[in-house]
Amino acid sequence: MTAVEPGSGDERAGKPVLHAYLDIAIVVIVLAATNLIAHFTTVWASIATVPISAVVLLVLTRRRGLGWAELGLSPRHLRRGSVYALAAMAIVIGVVAIGAALPITRPFFMADRYATLSGALIASMIVIPLQTVIPEELAFRGVLHGTLERVYGARGVFAAGSLLFGLWHIASSLGLTSGNKGLSGFLGGGLLGQILGVLAAVVATAAAGVVFTWLRRRSGSLIAPIALHWSLNGAGALAAAIVWQTTMA
Numbered sequence: 002m003t004a005v006e007p008g009s010g011d012e013r014a015g016k017p018v019l020h021a022y023l024d025i026a027i028v029v030i031v032l033a034a035t036n037l038i039a040h041f042t043t044v045w046a047s048i049a050t051v052p053i054s055a056v057v058l059l060v061l062t063r064r065r066g067l068g069w070a071e072l073g074l075s076p077r078h079l080r081r082g083s084v085y086a087l088a089a090m091a092i093v094i095g096v097v098a099i100g101a102a103l104p105i106t107r108p109f110f111m112a113d114r115y116a117t118l119s120g121a122l123i124a125s126m127i128v129i130p131l132q133t134v135i136p137e138e139l140a141f142r143g144v145l146h147g148t149l150e151r152v153y154g155a156r157g158v159f160a161a162g163s164l165l166f167g168l169w170h171i172a173s174s175l176g177l178t179s180g181n182k183g184l185s186g187f188l189g190g191g192l193l194g195q196i197l198g199v200l201a202a203v204v205a206t207a208a209a210g211v212v213f214t215w216l217r218r219r220s221g222s223l224i225a226p227i228a229l230h231w232s233l234n235g236a237g238a239l240a241a242a243i244v245w246q247t248t249m250a
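One rule links them: number in our numbering = place in the sequence shown (from 1) + 1.
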């Protein structure tokens with residue numbers, strides 16, 4: 002077998018592939034570290050770590066050669082993305098309203114962290130968009146999406162990207178059932194209920210990741226998954242506050 006000489010075509014062809022794999026590894030490592038720091042250190046870290054990391058990843062991957070279109074941030078796709086965004090918001094807000102009104106699903110909106118309407122408004126309009134929705138979409142449907150697609154194509158983005166998004170929510174779902182009357186009644190309390198709650202959260206958010214990825218690919222813009230993500234979290238928070246107020250009044 003003939004050895005590959007330095008500077009040969011085979012070596013040069015391998016460099017972009019290695020470059021792309023390295024990009025994926027860096028993004029995944031940064032996301033894992035971000036998740037641990039945000040959930041298991043200080044209060045200030047829980048507030049600032051995810052947004053800062055998302056910006057750092059954006060700058061890093063831009064310097065590594067990803068274009069704005071690969072990141073879902075090209076102005077050319079803004080109009081198409083806005084159409085999908087409005088449609089997604091309308092559907093989700095309608096479903097949330099129906100879910101909050103039906104007796105069978107109403108208990109699942111009984112989350113004590115949204116017990117006050119003012120707290121839910123602040124969470125919905127400020128905390129959720131700036132601390133969760135925009136940074137997560139920038140990191141997952143922007144940076145991770147772009148790096149994965151270069152190597153694995155659409156299937157890799159849907160599979161790996163969605164799975165990683167589900168695993169990202171393990172830490173945030175710890176104690177999920179203890180703060181939600183509907184979930185604790187459905188899954189039970191104690192350790193088993195907590196484990197089932199975490200598993201349910203991972204499956205649900207991985208499935209949501211598939212939908213977010215579809216919107217991102219279909220529209221070409223991050224604005225569509227951002228809108229859907231906010232609708233699920235933000236509208237859900239407002240609905241939870243309304244249900245809590247009307248039920249406990």
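Every residue, glycine too, gets a C-beta built ideally from N, C-alpha and C.
Values in this document were obtained by computation on a predicted structure and should not be read as measured data.
Between Leu216 and Ala89, the C-beta gap is smaller than 9 angstroms, which places the two residues in contact. In this structure, Ser174 keeps its C-beta atom at 9 angstroms or more from the C-beta atom of Val212. The beta carbon of Ser75 sits closer than 8 angstroms to those of Gly68, Trp69, Gly221 and Ser222, all from its chain and outside the five residues before and after it, given in chain order. The distance from the Cβ of Arg107 to that of Val244 is about 6 angstroms, consistent with a contact at the 8 angstroms cut-off. Below 8 angstroms, too few C-beta pairs join the stretch 149-161 and the stretch 119-138 to call them touching: fewer than three.
By a beta-carbon distance limit of 8 angstroms, Leu131 does not contact Pro226. Their separation comes to about 16 angstroms.
Linking Ala86 to Ser232 through their CA atoms gives a straight-line distance of about 10 angstroms. Comparing C-alpha distances from Val31 to each of Asn234, Trp169, Ser119 and Ala236 shows the shortest one belongs to Trp169. The alpha-carbon separation between His40 and Glu71 amounts to approximately 29 angstroms. Taking a C-beta distance under 9 angstroms as the contact criterion, Ala21 and Arg151 qualify as a contact pair.
Inclusion of Ala121 and Ala238 in the CB contact set at 9 angstroms is warranted, their separation being smaller than that value. Here Gly66 carries a coil assignment [DSSP, helix/strand/coil].
Cβ neighbours of Ser83 within its own chain (closer than 7 angstroms, five residues either side excluded): Ile224. Thr148 is positioned such that its CB atom lies closer than 9 angstroms to that of Val28. With fewer than 16 other CB atoms across the displayed protein chains lying within 10 angstroms of its CB, Met249 is exposed. Using a Cβ distance threshold of 9 angstroms, Thr214 and Gly167 do not count as a contacting pair. Straight-line measurement puts the Cα of Ala240 at about 11 angstroms from the Cα of Thr117.
Taking the Cα positions, Leu23 is about 11 angstroms away from Thr62.
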